[in-house]
Amino acid sequence: MVSSTELSPLERAKRQAAYVCAEKNITSGCRLGVGSGSTVKYLVEYLESAVKSGKLQNITKKWLLDAGLFITDLDGTPELDICIDGADEVDSNFNCIKGGGGCLAREKIVQHAAQKFFVIADSSKESVNLGEHYNHIPIEVLPFAVSSVLRSLPRLEGGSAQLRMAVKKCGPVLTDNNNYIIDWAFEKNKTRNWQEVQMRLANTPGKLLRTSQRFLRK
């Protein structure tokens, strides 16, 4: 484990947010779903330490496997007590932009399976309105539907949309479900009801933001 003195102020804030969330909400025997954001590694760090010390027991891939924790999937554990994930940006109404790293649909399914969903993030992710720090919303789409969504999204919501291309290889970025990602750059000077936007996006054919019940920040 890296000591706090070796971390930058930003990383220390991420670690503190993850630890506070875990200490307040995770108990022995908890069926826990985790995301894949950069802050989540500190959640896994806490779990590893708590399990080894005996503070937590039977906490129900790489970070988890490296930590020696028991893991399962939604086939084996279809209902979860808690899901904890990070975010790319969170506004004053707790609307979140998520999925900037390319993990979208699976994290959303895990979130839906949980009774409670928590977002952990440092203060650099906080904004009054979405778009102050993160200039687009990632949307996972079926490859078959890419052209249709690219055309319809700007007509429906304004702004512009483009297919995310890979940096170190030819072709589009692939998600863990072998789908594509469309980055929607929305208009920043327009007031939006993000719950309504989310519903419209969810009803777009081929499309696979969500809101959190709690947002913990440091």
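Take the sequence shown: its position 90, counted from the start at 1, is 289 in the numbering used here, and no numbers get skipped. Cβ atoms here follow ideal geometry from the backbone N, Cα and C, with glycine treated the same way.
In the structure shown, Val372 adopts coil according to DSSP, grouped into three states. In this chain, the beta strand (DSSP E) harbouring Ile283 covers Leu279 to Asp284.
Distance from the CA atom of Ala360 to the CA atom of Gly253, rounded to whole angstroms, is 49 angstroms. Distance between Leu341 and Leu362, taken at the CA atoms: about 12 angstroms. Cβ contact annotation for Cys369 (same chain, cutoff 6 angstroms, sequence separation greater than five): none.
DSSP places Lys315 within a strand segment (E or B) once states are collapsed to three.
In this structure, Asp290 and Ser322 do not form a Cβ contact; the two beta carbons are roughly 13 angstroms apart against a cut-off of 8 angstroms.
Pro208 sits exposed, since fewer than 16 C-beta atoms from the chains shown fall within 10 Å of its C-beta.
Residue state for Ser322 is assigned as helix, using DSSP reduced to three classes.
A residue is called buried once 16 or more other Cβ atoms fall within 10 Å of its Cβ, and Thr374 is buried on that count. In the DSSP assignment, Asp382 forms a beta bridge with Pro337 and Gln361. Annotated as distal: Ala313 and Ala216, with beta-carbon spacing of 9 angstroms or more.
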